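**Student:** Following full-length UniProt numbering, the numbering of the sequence shown begins with 1 at its first residue and continues without gaps. Here a beta-carbon is modelled for each residue, glycine too, at the ideal position from N, C-alpha and C. This structure is a prediction, so every number in the text was calculated from the model and none was measured.
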Amino acid sequence: MQPTSKSIYKRIFILTLFISVFFHCQSYSQTTNILDSNFEQALVNLNIDTNGLNGNILNSDADSVLNLDVSENFIQNLTGIEAFSNLKTLDCSKNNLNSIDISNNIQLEELNANDNQLNTINVSSNVKLELLSLSSNQLTTINLYNNPYLENLSVDLNNLISLDVTNNLQLEYLGCYSNNLSVIDLTNNTLLKHVFINFNNLSNLDLSQNTILRTLSCSSNNFTELNLLNNSDLNYFDCRDNNLTDLDLSNNSNLKRLFFSNNHLTEIDLTNLSDLLLIFASDNNISTLDISNNLDLRWIKFDKNNLSSVDFRNGNNSHISEFTMTENSNLNCIFVDDAEASYLETWLIDDASAFVENESDCEALTVEEEPKFGFNMFPNPATNMVSVTIDTQLASLDIYSIKGQVIISQPLSFGKNNIQLEALSSGMYLVKITSANQSETNKLLIH
1 MQPTSKSIYK
11 RIFILTLFIS
21 VFFHCQSYSQ
31 TTNILDSNFE
41 QALVNLNIDT
51 NGLNGNILNS
61 DADSVLNLDV
71 SENFIQNLTG
81 IEAFSNLKTL
91 DCSKNNLNSI
101 DISNNIQLEE
111 LNANDNQLNT
121 INVSSNVKLE
131 LLSLSSNQLT
141 TINLYNNPYL
151 ENLSVDLNNL
161 ISLDVTNNLQ
171 LEYLGCYSNN
181 LSVIDLTNNT
191 LLKHVFINFN
201 NLSNLDLSQN
211 TILRTLSCSS
221 NNFTELNLLN
231 NSDLNYFDCR
241 DNNLTDLDLS
251 NNSNLKRLFF
261 SNNHLTEIDL
271 TNLSDLLLIF
281 ASDNNISTLD
291 ISNNLDLRWI
301 KFDKNNLSSV
311 DFRNGNNSHI
321 SEFTMTENSN
331 LNCIFVDDAE
341 ASYLETWLID
351 DASAFVENES
361 DCEALTVEEE
371 PKFGFNMFPN
381 PATNMVSVTI
391 DTQLASLDIY
401 SIKGQVIISQ
411 PLSFGKNNIQ
421 LEALSSGMYL
431 VKITSANQSE
441 TNKLLIH
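Right, here's the structure in full:
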């Protein structure tokens, strides 16, 4: 039976309609919507979006992109990123994003979304992630269980109350400072080299398994003790602003930079830290300090302690860039290489402290607490003149440098005697008053 003209036309119409719908659908599936004009403009500027600012991107354009940087573009919505199915690295930092869907970007190895407004993110589909940077957002939690290849994690400056990295066995760098963490378990992360957990609420930290750790910053927490015996590779350690009463560094001979200010330490042994470059230890209760073995030291701060003795005869005093030992009221002598060296003028010490080279010089600075006879010296510190008042008829005055050299020698009479000091340079001197068979020595500081 031959088809009629009517049936032929009907078949042609149906075929035409099918072809039209097919090509329409095909055309539609070749693009993906871009809802944020700033996002699309960034793609156009990068010569990625070849069909211009029209609210979409060709899938073929997106598929060809392996690395994408759209940072600092005021982007609020990253819809369309799902079209970049082959993407390996994405930098969308410093935008205005409060959410991001990367569930379709399963090839992603690196994501930088720092400095946004993210309050949640799902990375469970991104199994290949090696680097994840989410610092300066508003995250309270994050699930990293499905990211076993993660090597570098930065979640600083968020609102995290918990962080589980026990399944991230490849982790080498962890930055989670300035959060609300009270507990963190790092015992599974044996490859960790750098850890920044400062400004949290941590009170306990087990580092026994982190044997190749090089950097540890844990300041501003609630630690009362830290065990570093298994961390012999450590070269940077910052534990400022905690409640430590003891710190054993006997197995940390590779330390170069050490910070433990504002704790409650009464002693510290630094003799084995021969590579130490910097030590900041203000606001403790340390009484004695031996840094004569620390040949590479450049920066030293031990102000606001309870020091009575400091030995810094290391042979390299001239290399010092900063030296601060102020507010140590019991510190009389600081042993140095050369007590007359000009570079000591920039070192900060108390007026009552003096630089000496040996123990005999220090003994010469020792002053009798109880006077043997009555005399008064004012002002002290002095500038151009000092008045010495005595209650005896026959006496003499000698002013010595701390090296023992007599600088001024003159007789004294009963009552007030004015001693001119214009010829003396600034520094610490010893004033010896002798009467009959008795003598008394006092320190005199000249500005």
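Thinking L205 and F223 are a contact (beta carbons under 8 Å), I'd like their distance in whole angstroms, please.
**Tutor:** On the sequence shown, position 205 is the one that residue 205 refers to. On the sequence shown, position 223 is the one that residue 223 refers to. Rounded, the Cβ-Cβ distance is 7 Å, consistent with contact.
**Student:** Can you say whether F22 is buried or exposed, counting buried as having 16 or more other CB atoms within 10 angstroms of its CB?
**Tutor:** Here residue 22 is taken as the residue at index 22 of the sequence shown, counted from 1. Only weak support is given to the placement of F22: the predicted model assigns it a pLDDT of 41, under 50, and the value that follows is read from those uncertain coordinates. So F22 counts as exposed.
**Student:** Taking Cβ to Cβ, would you say L394 is nearer than 8 Å to I433?
**Tutor:** Against the sequence shown, residue 394 aligns to sequence position 394. Against the sequence shown, residue 433 aligns to sequence position 433. No. Outside cutoff.
**Student:** Quick one: using the 10 Å Cβ neighbour count with 16 as the cut-off for buried, is D351 buried or exposed?
**Tutor:** Position 351 of the sequence shown, counted from the start, is the residue given in the question as residue 351. The residue is exposed, with fewer than 16 neighbouring Cβ atoms inside 10 Å.
**Student:** Specify, as a first and last residue, the run of the alpha helix (DSSP H) that S353 falls within.
**Tutor:** Residue numbering aside, residue 353 sits at position 353 when the sequence shown is read from its first letter. Element bounds for S353: n/a, residue is neither H nor E.
**Student:** Look up Q26 in the DSSP assignment and say whether it is helix, strand or coil.
**Tutor:** By 1-based counting over the sequence shown, the position of residue 26 is 26. Caution is warranted here: a pLDDT of 40 is assigned to Q26, below 50, making its placement in the model unreliable, and the coordinate value is therefore given only provisionally. Note: Q26 maps to helix in three-state DSSP.
**Student:** Classify L416: buried if its beta carbon has 16 or more other beta carbons within 10 angstroms, exposed otherwise.
**Tutor:** By 1-based counting over the sequence shown, the position of residue 416 is 416. In the sequence as presented, Leu is not what sits at residue 416; that position holds Lys. Classification for K416: exposed.
**Student:** Can you check whether the CB of P379 is closer than 8 Å to the CB of V388?
**Tutor:** Taking the sequence shown and counting its residues from 1, the one referred to as residue 388 is at position 388. Taking the sequence shown and counting its residues from 1, the one referred to as residue 379 is at position 379. No, the Cβ-Cβ distance between V388 and P379 is not below 8 Å.
**Student:** Hey, how far is the Cα of Y429 from the Cα of N314?
**Tutor:** Taking the first residue of the sequence shown as 1, we reach residue 429 at position 429. Taking the first residue of the sequence shown as 1, we reach residue 314 at position 314. Their backbone Cα atoms lie some 25 Å apart in a straight line.
**Student:** Find out if the Cβ-Cβ distance for the pair L87, S99 is shorter than 8 Å.
**Tutor:** As a working mapping, residue 87 is identified with position 87 in the sequence shown. As a working mapping, residue 99 is identified with position 99 in the sequence shown. Against a cut-off of 8 Å, the Cβ pair of S99 and L87 comes out as no contact.
**Student:** Is the CB-CB distance between N180 and N200 below 8 Å?
**Tutor:** Within the sequence shown, residue 180 is the residue found at index 180, counting from 1. Within the sequence shown, residue 200 is the residue found at index 200, counting from 1. Yes, these two residues count as a Cβ contact at 8 Å.
**Student:** Do G427 and I407 have their C-beta atoms within less than 8 Å of each other?
**Tutor:** Numbered from its first residue, the sequence shown carries residue 427 at position 427. Numbered from its first residue, the sequence shown carries residue 407 at position 407. Not in contact: G427 and I407 (Cβ atoms no closer than 8 Å).
**Student:** Identify whether residue 449 lies in helix, strand or coil by the three-state DSSP scheme.
**Tutor:** This structure gives no information on residue 449, because the portion of the chain shown stretches from 1 to 447.
**Student:** Can you tell me the Cα-Cα spacing of I286 and N330, whole angstroms?
**Tutor:** What you label residue 286 is simply residue 286 of the sequence shown in a count that begins at 1. What you label residue 330 is simply residue 330 of the sequence shown in a count that begins at 1. N330 has its alpha-carbon roughly 11 Å from the corresponding atom of I286.
**Student:** Per DSSP, which one or two residues make a beta bridge with C333?
**Tutor:** Numbered from its first residue, the sequence shown carries residue 333 at position 333. Paired residue(s): A354.
**Student:** Tell me the DSSP bridge mates of N417?
**Tutor:** The sequence position of residue 417 within the sequence shown is 417, counting from 1. N417 is bridged to V388.
**Student:** Which stretch, first to last residue, makes up the beta strand (DSSP E) that contains D91?
**Tutor:** Taking the sequence shown and counting its residues from 1, one reaches residue 91 at position 91. Residues T89 to D91.
**Student:** Enumerate in chain order the residues of its own chain whose CB-to-CB distance from S171 is below 7 Å, with the five nearest sequence positions on each side excluded.
**Tutor:** As a working note, residue 171 is residue 171 in the sequence shown. Sequence inspection shows Leu at residue 171; the Ser mentioned does not correspond to that position. L150, E151, L153, V165, N189, L191 and L192.
**Student:** May I have the straight-line CA-CA distance separating T441 from I334, to the nearest angstrom?
**Tutor:** Taking the sequence shown and counting its residues from 1, one reaches residue 441 at position 441. Taking the sequence shown and counting its residues from 1, one reaches residue 334 at position 334. If you draw a straight line from the Cα of T441 to the Cα of I334, it is about 19 Å long.
**Student:** I'd like to know whether the C-beta atoms of T31 and I48 end up nearer to each other than 8 Å.
**Tutor:** By one-based count along the sequence shown, residue 31 stands at place 31. By one-based count along the sequence shown, residue 48 stands at place 48. No, these two residues do not count as a Cβ contact at 8 Å.
**Student:** Does DSSP classify A281 as helix, strand or coil?
**Tutor:** Locating residue 281 in the sequence shown gives position 281, counting from the first residue. Coil, per DSSP.
**Student:** Spell out the partners DSSP gives P411 in its beta bridges.
**Tutor:** Against the sequence shown, residue 411 aligns to sequence position 411. Paired residues: S396.
**Student:** Tell me the DSSP secondary structure of S20 in three-state form.
**Tutor:** The residue labelled residue 20 in the question sits at position 20 within the sequence shown. Confidence in S20 is poor, its pLDDT being 46 and thus under 50, which makes the residue's placement too unreliable to answer from.
**Student:** Under DSSP, the beta strand (DSSP E) around residue 449 begins and ends at which residues?
**Tutor:** Absent from the structure is residue 449, since the part of the chain shown begins at 1 and ends at 447.
**Student:** With DSSP collapsed to three states, give me the class of N59.
**Tutor:** For the purposes of this step, residue 59 is identified with residue 59 of the sequence shown, where counting begins at 1. Three-state result, N59: helix.
**Student:** Where T140 and N159 are concerned, what is the direct C-alpha to C-alpha distance, given to the nearest angstrom?
**Tutor:** Within the sequence shown, residue 140 is the residue found at index 140, counting from 1. Within the sequence shown, residue 159 is the residue found at index 159, counting from 1. The alpha-carbon atoms of T140 and N159 are separated by roughly 5 Å.
**Student:** Cα-Cα, which of L108, N316, D101 and T211 is closest to L90?
**Tutor:** Position 90 of the sequence shown holds residue 90. That would be L108, whose Cα lies nearest to the Cα of L90.
**Student:** Helix, strand or coil, according to DSSP, for E151 in the structure here?
**Tutor:** Sequence index remark: in the sequence shown, residue 151 carries index 151 (1-based). Residue state, collapsed to three classes: coil.
**Student:** To the nearest angstrom, how far is the alpha carbon of Q26 from that of N116?
**Tutor:** Stepping through the sequence shown from its first residue, residue 26 is reached at position 26. Stepping through the sequence shown from its first residue, residue 116 is reached at position 116. In this prediction, Q26 has a pLDDT of 40, which is less than 50 and means its spatial position is unreliable; what the coordinates show is noted afterwards. Cα to Cα, the separation comes out at about 36 Å.
**Student:** Buried or exposed, going by whether 16 or more other CB atoms sit within 10 Å of the CB of F259?
**Tutor:** Within the sequence shown, numbered from 1, the residue matching residue 259 stands at position 259. Buried is the call here.
**Student:** Report buried or exposed for L270, applying the criterion of at least 16 other Cβ atoms within 10 angstroms of its Cβ.
**Tutor:** Position 270 of the sequence shown holds residue 270. Buried, since its Cβ has 16 or more Cβ neighbours within 10 Å.
**Student:** Tell me which same chain residues have a C-beta within less than 6 Å of the C-beta of F196, skipping the five on either side of it?
**Tutor:** Translated into positions along the sequence shown, residue 196 becomes position 196. Once the five neighbours on either side are set aside, the close Cβ partners of F196 are G175, Y177 and S217.
**Student:** Can you tell me where the beta strand (DSSP E) with E440 in it begins and where it stops?
**Tutor:** The residue given as residue 440 occupies position 440 in the sequence shown. It spans Q438 to I446 - the beta strand (DSSP E) in which E440 sits, taken as one unbroken run.
**Student:** Considering only the alpha carbon of each residue, which of S219, P148 and L273 lies closest to N235?
**Tutor:** Taking the sequence shown and counting its residues from 1, one reaches residue 235 at position 235. The residue with the shortest Cα to Cα distance from N235 is L273.
**Student:** Give the straight-line distance between the Cα atoms of K443 and L297, rounded to the nearest whole angstrom.
**Tutor:** The count along the sequence shown starts at 1 and reaches residue 443 at position 443. The count along the sequence shown starts at 1 and reaches residue 297 at position 297. Per the coordinates, the alpha-carbon of K443 lies some 30 Å from the alpha-carbon of L297.
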